[in-house]
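For the protein sequence lines, the chains are R and X, in the order given.
Per our numbering, the first sequence starts with residue 13, numbered consecutively.
Per our numbering, the second sequence starts with residue 13, numbered consecutively.
Comments concern the structure below.
There are 2 protein chains.
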Amino acid sequence: MEVTTYSETEFSPRQQEVLDVVLALLVEGRDGLTMTAVARRASCSKETLYKWFGDRDGLLTATVRWQASKVRAGNWDRQHLDAHALSESLEAFAANWLTVISSRTSVALNRVAIADAGSGKSDLGGIVLANGRLAIGERLKPLLEAAREAGLLLFDDTEVAFRTFFGLVGRDVQIRLLLGDPLAMSRAEIAADAARATRQFFTLFGAAKPAPGTNRN
Amino acid sequence: MEVTTYSETEFSPRQQEVLDVVLALLVEGRDGLTMTAVARRASCSKETLYKWFGDRDGLLTATVRWQASKVRAGNWDRQHLDAHALSESLEAFAANWLTVISSRTSVALNRVAIADAGSGKSDLGGIVLANGRLAIGERLKPLLEAAREAGLLLFDDTEVAFRTFFGLVGRDVQIRLLLGDPLAMSRAEIAADAARATRQFFTLFGAAKPAPGTNRN
DNA sequence: TCTGTACCGTACCGTACGGTACGGCGTCAA
DNA sequence: TTGACGCCGTACCGTACGGTACGGTACAGA
């Protein structure tokens with residue numbers, strides 16, 4: 013096994029090309045993803061595919077990891093956490109997450125992971141879960157707790173607070189997209205949704221209650 | 013084509029047996045569902061299967077319809093709608109819906125619908141969407157609007173209010189279950205979640221604001 | 001009793017896809 | 001120059017599954 017120079021990345025550039033082909037084929041339709049199709053589109057041989065990724069599941073797993081490594085959201089500013097900065101950070105989180113889950117790539121990948129989760133082996137669902145729902149939770153919770161210590165938020169259980177925020181942001185968007193609802197989210201709608209969710213979250217958990225009627229829409 | 017006596021039901025008793033077999037196989041694992049397996053388990057011939065349901069997609073579609081016809085939630089009481097009755101109705105809706113989406117059957121069926129939604133044909137996703145997310149919306153919205161007219165709730169857009177309720181109830185439950193998270197929801201947890209979501213919903217949209225701090229968990 | 005019908009069980013067909021084998025080509029180091 | 005290596009392209013294999021055909025049986029009506 014040769015020591016390569018791209019040690020910080022999990023996959024070689026050529027392998028990344030292949031994985032991007034997988035993503036593209038996945039977006040075009042689940043059943044278009046055959047090993048032969050990947051090999052042809054990526055201009056590589058099936059033998060190489062099997063050598064690099066083991067089998068079909070290995071290829072899918074690598075693809076999920078590759079995609080996950082591409083969507084790492086920015087962190088929040090740890091300094092001067094006032095109400096405004098908190099609100100900005102929450103909105104940014106929400107907008108980023110909505111953008112991710114409404115992307116065609118994410119929808120396609122979640123579809124294969126969900127389909128796979130029914131069939132026992134090669135825990136794709138677990139990987140997607142770890143890099144999606146759980147990862148965002150682990151990144152957001154410190155912010156929530158810092159806000160609580162700063163006296164900006166009021167809650168007992170961080171997990172409950174986070175899950176509520178999650179629900180307010182996502183609502184029915186993900187399940188509708190997964191089921192094929194032609195729901196299009198423009199940048200403006202995403203921004204508006206992120207703002208609304210943040211507003212509602214403040215109403216529920218904010219230490220200083222805003223004026224009533226603020227969250228009617 | 014013989015006129016049968018079960019005209020109010022979409023499927024004959026024998027056909028319902030077959031569809032229940034499909035559901036059972038689906039729960040046991042997506043890839044266990046082959047036409048041969050269905051025929052063997054249901055003690056019928058594949059020829060009959062194809063005669064009744066056309067093809068594999070037809071069988072799946074019929075199964076989704078059959079399951080949808082089994083989960084029709086109870087309606088709310090149209091009379092004397094006070095704050096208490098409204099709260100009870102919302103909690104009942106929430107608990108019923110959480111029970112449905114956390115059932116193994118629902119998870120399995122949503123998985124096949126989602127897998128299918130990626131592959132163009134035989135709009136299973138649309139059927140599930142129509143009988144799930146959209147159906148519950150159409151049943152809940154009249155209650156919300158009646159409550160608004162009774163001065164119990166305050167909102168501009170019924171859809172927005174409903175979707176918020178949807179998010180508060182479901183949060184991350186459905187996506188986690190679909191992705192294979194071993195999340196178990198006991199009756200007690202479901203009841204608690206329904207109550208919490210209803211409480212939070214009242215905080216956001218209730219005409220009379222409850223005391224602050226009620227929704228901290 | 002005869003005939004038609006609906007259905008079960010099973011054998012069969014075609015195909016598509018995962019996985020393997022192999023020949024050929026470019027590259028690099030000795 | 002030569003040999004080893006990595007990779008491309010393609011041909012090939014086995015199998016599993018969707019879909020069809022067909023013989024056998026039970027039953028209903030004439």
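We put the CB at the ideal spot given by N, CA and C, even for glycine.
Contact check, residue i vs residue j, beta carbons under 7 Å
| i | j | result |
| --- | --- | --- |
| X/Asp69 | X/Ser134 | yes |
| R/Phe217 | R/Leu166 | yes |
| X/Leu155 | X/Ser99 | no |
| R/Lys58 | R/Met47 | yes |
| R/Val33 | R/Ala54 | yes |
| X/Gly179 | R/Gly179 | yes |
| X/Asp43 | R/Arg145 | no |
| X/Val39 | X/Arg160 | no |
| X/Leu37 | X/Ala49 | yes |
| R/Ala209 | R/Leu164 | no |
| R/Ser162 | R/Leu93 | With the sequence shown as reference, residue 162 of chain R is identified as Ala, and Ser is not the correct amino acid for it. Yes, they are a contact pair. |
| X/Ala104 | X/Ala203 | no |
| R/Val83 | R/Val112 | yes |
| R/Asn143 | R/Ala80 | yes |
| R/Trp11 | R/Leu31 | Because chain R in this structure spans residues 13 to 229, residue 11 of chain R falls outside the shown range and cannot be described. |
DSSP bridge partner residues for residue i (one or two, in chain order)
| i | result |
| --- | --- |
| R/Gly218 | R/Leu165 |
N- and C-terminal bounds of the alpha helix (DSSP H) containing residue i
| i | result |
| --- | --- |
| R/Met197 | Taken as a continuous stretch (DSSP letters only), R/Met197 belongs to no alpha helix (DSSP H), as it is neither H nor E. |
| X/Leu45 | Here X/Leu45 belongs to no alpha helix (DSSP H), and DSSP marks it neither H nor E. |
| X/Leu189 | 185-190 |
| R/Arg175 | 170-182 |
| R/Asn143 | 136-143 |
Three or more C-beta pairs below 8 Å linking the segment 170-190 of chain X and the segment 118-126 of chain X:
yes
Touching or not, the segment 73-84 of chain X and the segment 20-28 of chain X, by the rule of three or more beta carbon pairs under 8 Å?
yes
If we count Cβ pairs, one from each stretch, closer than 8 Å, do we get three or more for the segment 141-159 of chain R versus the segment 167-185 of chain R?
yes
Fully enclosed by the segment 47-121 of chain R, which alpha helix (DSSP H) runs are 4 residues long or longer?
47-54, 58-65, 68-82, 95-113
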